[in-house]
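Numbering (UniProt numbering), first residue to last: 1 to 257.
Only one structure is covered here, and it is reproduced in the block below.
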Amino acid sequence: MLDKFVRAKQPEIELLETLQKEGCFPAPLSGPRRSFLDSLRQQGAGAVIAEYKRASPSRGDIAPHLRADDVACAYAEAGAGAVSILTEQQYFRGSMSFLQKAERCGLPMLRKDFIFHELQVRQTAASPASAVLLIARMLRVEQLAHLAALCEEYGLTPVTEVFDAEDLSRARRAGAHVIQVNNRDLATLTTSLDNSRELSQSKQDGEFWISASGIFHGSEIDEMADCGFDAVLVGTSLMEGGDPGAALRTLLAGRRA
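Set out below in C-alpha coordinates:
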(Lines of atoms letter the chains of each structure in order from A and count residues from 1; the text may use other names and numbers.)
(Lines give C-alpha, C1' and ligand atoms only; values in the text may rest on other atoms or scores of the structure.)
Protein backbone atom coordinates (compact mmCIF):
# COMPACT_ATOMS: atom_id res chain seq x y z
CA MET A 1 0.00 0.00 0.00
CA LEU A 2 2.68 2.52 0.98
CA ASP A 3 4.77 1.61 -2.07
CA LYS A 4 1.79 2.52 -4.24
CA PHE A 5 1.60 5.94 -2.63
CA VAL A 6 5.34 6.50 -3.07
CA ARG A 7 5.06 5.73 -6.78
CA ALA A 8 2.18 8.18 -7.09
CA LYS A 9 4.33 10.95 -5.60
CA GLN A 10 7.17 10.61 -8.13
CA PRO A 11 5.82 13.17 -10.65
CA GLU A 12 5.48 15.66 -7.79
CA ILE A 13 9.08 15.04 -6.70
CA GLU A 14 10.27 15.54 -10.27
CA LEU A 15 8.41 18.85 -10.46
CA LEU A 16 9.97 20.03 -7.20
CA GLU A 17 13.43 19.04 -8.48
CA THR A 18 12.81 21.06 -11.65
CA LEU A 19 11.75 24.10 -9.63
CA GLN A 20 14.92 23.82 -7.58
CA LYS A 21 17.17 23.54 -10.65
CA GLU A 22 15.51 26.55 -12.25
CA GLY A 23 15.83 28.63 -9.09
CA CYS A 24 12.06 28.93 -8.79
CA PHE A 25 11.56 27.05 -5.55
CA PRO A 26 9.26 28.99 -3.18
CA ALA A 27 10.90 30.61 -0.18
CA PRO A 28 10.09 29.45 3.35
CA LEU A 29 7.27 31.24 5.12
CA SER A 30 8.54 34.28 6.98
CA GLY A 31 7.55 34.93 10.56
CA PRO A 32 6.46 32.54 13.32
CA ARG A 33 4.10 29.63 12.78
CA ARG A 34 1.18 28.73 15.00
CA SER A 35 2.32 26.15 17.55
CA PHE A 36 0.80 22.74 16.84
CA LEU A 37 1.62 21.24 20.23
CA ASP A 38 0.78 24.32 22.31
CA SER A 39 -2.68 24.51 20.78
CA LEU A 40 -3.38 20.85 21.54
CA ARG A 41 -1.93 20.99 25.05
CA GLN A 42 -4.17 23.92 25.91
CA GLN A 43 -7.17 21.66 25.37
CA GLY A 44 -5.94 18.92 27.66
CA ALA A 45 -5.85 15.15 27.09
CA GLY A 46 -7.94 14.00 24.17
CA ALA A 47 -7.66 17.22 22.16
CA VAL A 48 -9.04 16.76 18.66
CA ILE A 49 -7.14 17.21 15.41
CA ALA A 50 -10.01 17.42 12.92
CA GLU A 51 -9.21 16.38 9.38
CA TYR A 52 -10.20 17.78 6.01
CA LYS A 53 -10.35 14.72 3.76
CA ARG A 54 -12.15 14.75 0.40
CA ALA A 55 -11.53 11.10 -0.49
CA SER A 56 -9.59 8.00 0.56
CA PRO A 57 -8.51 4.68 -1.00
CA SER A 58 -10.82 2.73 1.33
CA ARG A 59 -13.91 4.94 0.92
CA GLY A 60 -13.55 6.63 -2.45
CA ASP A 61 -15.11 10.09 -2.58
CA ILE A 62 -16.19 11.29 0.86
CA ALA A 63 -17.05 14.97 0.50
CA PRO A 64 -15.34 16.40 -2.59
CA HIS A 65 -17.81 19.32 -2.70
CA LEU A 66 -16.80 20.75 0.70
CA ARG A 67 -14.22 23.56 0.65
CA ALA A 68 -11.11 23.44 2.80
CA ASP A 69 -11.58 26.92 4.26
CA ASP A 70 -15.23 26.35 5.14
CA VAL A 71 -14.53 23.02 6.82
CA ALA A 72 -11.49 24.28 8.73
CA CYS A 73 -13.40 27.28 10.07
CA ALA A 74 -16.31 25.04 11.06
CA TYR A 75 -13.87 22.82 12.95
CA ALA A 76 -12.40 25.83 14.74
CA GLU A 77 -15.84 27.03 15.80
CA ALA A 78 -16.78 23.52 16.98
CA GLY A 79 -13.76 23.19 19.28
CA ALA A 80 -10.92 21.50 17.37
CA GLY A 81 -7.39 22.05 18.66
CA ALA A 82 -5.78 21.70 15.23
CA VAL A 83 -6.65 20.79 11.65
CA SER A 84 -5.17 18.03 9.51
CA ILE A 85 -5.14 18.73 5.77
CA LEU A 86 -4.76 15.92 3.22
CA THR A 87 -2.61 17.20 0.38
CA GLU A 88 -2.05 13.96 -1.59
CA GLN A 89 -3.69 14.35 -4.99
CA GLN A 90 -4.17 10.98 -6.67
CA TYR A 91 -5.83 8.93 -3.94
CA PHE A 92 -7.11 11.58 -1.50
CA ARG A 93 -8.00 14.38 -3.95
CA GLY A 94 -5.88 16.76 -1.90
CA SER A 95 -3.86 19.83 -2.80
CA MET A 96 -1.18 22.03 -1.27
CA SER A 97 -3.48 24.96 -1.99
CA PHE A 98 -5.81 23.71 0.74
CA LEU A 99 -3.26 24.81 3.34
CA GLN A 100 -3.40 28.41 2.15
CA LYS A 101 -7.19 28.33 1.93
CA ALA A 102 -7.67 26.81 5.39
CA GLU A 103 -5.23 29.18 7.09
CA ARG A 104 -8.00 31.67 7.89
CA CYS A 105 -9.47 29.24 10.43
CA GLY A 106 -6.77 30.38 12.87
CA LEU A 107 -5.78 26.86 13.95
CA PRO A 108 -2.37 25.20 13.44
CA MET A 109 -2.40 22.81 10.50
CA LEU A 110 -0.82 19.39 10.01
CA ARG A 111 0.17 18.57 6.43
CA LYS A 112 -0.82 14.94 5.97
CA ASP A 113 0.80 13.34 2.94
CA PHE A 114 3.45 10.80 1.98
CA ILE A 115 6.67 12.67 2.72
CA PHE A 116 9.98 11.00 1.92
CA HIS A 117 12.07 13.69 0.16
CA GLU A 118 13.59 16.81 1.69
CA LEU A 119 12.13 18.95 -1.10
CA GLN A 120 8.66 18.00 0.17
CA VAL A 121 9.63 19.41 3.56
CA ARG A 122 10.91 22.58 1.91
CA GLN A 123 7.65 22.80 -0.03
CA THR A 124 5.72 22.54 3.24
CA ALA A 125 7.94 25.21 4.78
CA ALA A 126 6.69 27.63 2.12
CA SER A 127 3.12 27.03 3.30
CA PRO A 128 1.37 28.12 6.53
CA ALA A 129 1.42 24.56 7.89
CA SER A 130 2.61 24.06 11.47
CA ALA A 131 3.38 20.33 11.37
CA VAL A 132 4.31 17.56 8.92
CA LEU A 133 3.42 13.87 9.00
CA LEU A 134 6.35 11.47 8.60
CA ILE A 135 5.53 7.78 8.29
CA ALA A 136 8.17 5.67 10.05
CA ARG A 137 7.51 2.58 7.92
CA MET A 138 8.33 4.46 4.72
CA LEU A 139 11.75 5.66 5.82
CA ARG A 140 15.08 4.34 7.01
CA VAL A 141 16.02 5.56 10.48
CA GLU A 142 18.61 7.98 9.13
CA GLN A 143 16.12 9.34 6.57
CA LEU A 144 13.49 9.83 9.25
CA ALA A 145 15.96 11.61 11.52
CA HIS A 146 17.13 13.84 8.65
CA LEU A 147 13.63 14.86 7.59
CA ALA A 148 12.55 15.47 11.19
CA ALA A 149 15.57 17.71 11.77
CA LEU A 150 14.80 19.61 8.57
CA CYS A 151 11.21 20.11 9.73
CA GLU A 152 12.40 21.58 13.01
CA GLU A 153 14.86 23.82 11.18
CA TYR A 154 11.88 25.40 9.41
CA GLY A 155 9.77 25.63 12.57
CA LEU A 156 7.58 22.67 11.61
CA THR A 157 6.64 19.99 14.15
CA PRO A 158 7.49 16.50 12.82
CA VAL A 159 4.68 14.05 13.67
CA THR A 160 5.95 10.49 13.26
CA GLU A 161 3.29 7.91 12.44
CA VAL A 162 3.62 4.29 13.52
CA PHE A 163 1.53 1.18 12.96
CA ASP A 164 3.22 -1.29 15.29
CA ALA A 165 5.97 -1.79 17.85
CA GLU A 166 8.67 -2.13 15.18
CA ASP A 167 7.68 1.24 13.71
CA LEU A 168 7.74 2.74 17.20
CA SER A 169 11.26 1.46 17.76
CA ARG A 170 12.38 2.96 14.44
CA ALA A 171 10.74 6.28 15.34
CA ARG A 172 12.52 6.45 18.68
CA ARG A 173 15.88 5.58 17.15
CA ALA A 174 15.35 8.56 14.88
CA GLY A 175 14.68 10.78 17.89
CA ALA A 176 10.92 11.22 17.41
CA HIS A 177 9.00 12.67 20.34
CA VAL A 178 5.60 13.28 18.71
CA ILE A 179 4.13 9.86 17.96
CA GLN A 180 0.94 9.22 16.01
CA VAL A 181 -0.46 5.69 16.28
CA ASN A 182 -2.48 4.76 13.19
CA ASN A 183 -5.27 2.32 13.98
CA ARG A 184 -5.69 1.22 10.36
CA ASP A 185 -4.54 -2.18 9.13
CA LEU A 186 -2.75 -1.47 5.85
CA ALA A 187 -3.53 -4.93 4.47
CA THR A 188 -7.30 -4.86 5.06
CA LEU A 189 -7.81 -1.08 5.50
CA THR A 190 -9.99 -1.83 8.54
CA THR A 191 -9.52 0.07 11.79
CA SER A 192 -9.32 -1.04 15.40
CA LEU A 193 -8.57 0.95 18.52
CA ASP A 194 -6.86 -2.16 19.87
CA ASN A 195 -3.74 -0.91 18.13
CA SER A 196 -3.71 2.25 20.23
CA ARG A 197 -4.68 0.34 23.36
CA GLU A 198 -1.72 -2.01 22.98
CA LEU A 199 0.94 0.47 21.88
CA SER A 200 -0.04 3.02 24.54
CA GLN A 201 1.53 0.78 27.15
CA SER A 202 4.91 1.70 25.63
CA LYS A 203 4.51 5.47 25.95
CA GLN A 204 7.50 7.16 27.58
CA ASP A 205 7.84 10.38 29.55
CA GLY A 206 8.33 13.43 27.38
CA GLU A 207 6.49 12.00 24.38
CA PHE A 208 3.33 13.49 22.88
CA TRP A 209 1.01 10.79 21.53
CA ILE A 210 -1.86 10.97 19.02
CA SER A 211 -4.34 8.20 18.23
CA ALA A 212 -5.51 8.36 14.60
CA SER A 213 -8.34 6.66 12.69
CA GLY A 214 -11.27 4.62 13.88
CA ILE A 215 -12.71 7.12 16.37
CA PHE A 216 -16.47 7.64 16.09
CA HIS A 217 -17.72 8.43 19.61
CA GLY A 218 -16.84 10.84 22.38
CA SER A 219 -16.44 7.92 24.78
CA GLU A 220 -13.62 6.62 22.57
CA ILE A 221 -11.81 9.94 22.87
CA ASP A 222 -12.11 9.65 26.66
CA GLU A 223 -10.76 6.09 26.51
CA MET A 224 -7.78 7.15 24.42
CA ALA A 225 -7.07 9.95 26.90
CA ASP A 226 -7.23 7.43 29.74
CA CYS A 227 -4.72 5.30 27.83
CA GLY A 228 -2.31 8.23 27.81
CA PHE A 229 -3.00 9.79 24.43
CA ASP A 230 -2.62 13.55 24.39
CA ALA A 231 -4.74 13.99 21.26
CA VAL A 232 -6.80 12.12 18.68
CA LEU A 233 -7.06 12.63 14.93
CA VAL A 234 -10.54 12.23 13.44
CA GLY A 235 -11.33 12.49 9.75
CA THR A 236 -13.74 10.28 7.87
CA SER A 237 -16.42 10.15 10.55
CA LEU A 238 -16.55 13.96 10.57
CA MET A 239 -16.55 14.47 6.80
CA GLU A 240 -18.87 11.76 5.54
CA GLY A 241 -22.13 13.28 6.80
CA GLY A 242 -21.68 16.51 4.86
CA ASP A 243 -21.58 18.82 7.92
CA PRO A 244 -18.15 18.39 9.55
CA GLY A 245 -18.62 21.17 12.10
CA ALA A 246 -21.87 19.70 13.40
CA ALA A 247 -20.31 16.24 13.46
CA LEU A 248 -17.43 17.50 15.59
CA ARG A 249 -19.79 19.21 18.02
CA THR A 250 -21.74 15.96 18.38
CA LEU A 251 -18.53 14.00 18.90
CA LEU A 252 -17.30 16.36 21.61
CA ALA A 253 -20.72 16.44 23.27
CA GLY A 254 -20.40 12.69 23.76
CA ARG A 255 -17.39 13.07 26.04
CA ARG A 256 -17.82 12.78 29.76
CA ALA A 257 -18.05 16.05 31.63
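Glycine residues also receive a C-beta, built at the ideal position from the N, C-alpha and C atoms.
Going by DSSP, Ser196 is part of the alpha helix (DSSP H) stretching over 194 to 199.
The beta carbon of Ser39 sits closer than 7 Å to the beta carbons of Gly81, Ala82, Leu107, Pro108 from its chain, once the five residues preceding and following it are set aside; these are given in chain order. A straight line joining the alpha-carbon of Val159 with that of Phe25 spans about 24 Å. In this chain, the beta strand (DSSP E) harbouring Arg111 covers 109 to 112. For Tyr52, the pairing in a beta bridge is given by DSSP as Ile85. Secondary structure at Glu161: strand, using DSSP grouped into helix, strand and coil. With distances taken between CA atoms, Phe116 lies nearest to Ile135 out of Asp69, Ile135, Asn195. Taking the Cβ atoms as the reference, Tyr154 lies roughly 7 Å from Val121, within the contact range of under 8 Å. A contact is defined here as three or more CB-CB pairs under 8 Å, and the region 49 to 68 meets this definition with respect to the region 230 to 240. Leaving aside the five residues that flank Ala47 on each side, the residues in its chain whose CB is nearer than 6 Å to its CB run, in chain order, Leu40, Gly81, Ala231.
Membership of Ile135 in the beta strand (DSSP E) is indicated by the continuous run 131 to 135.
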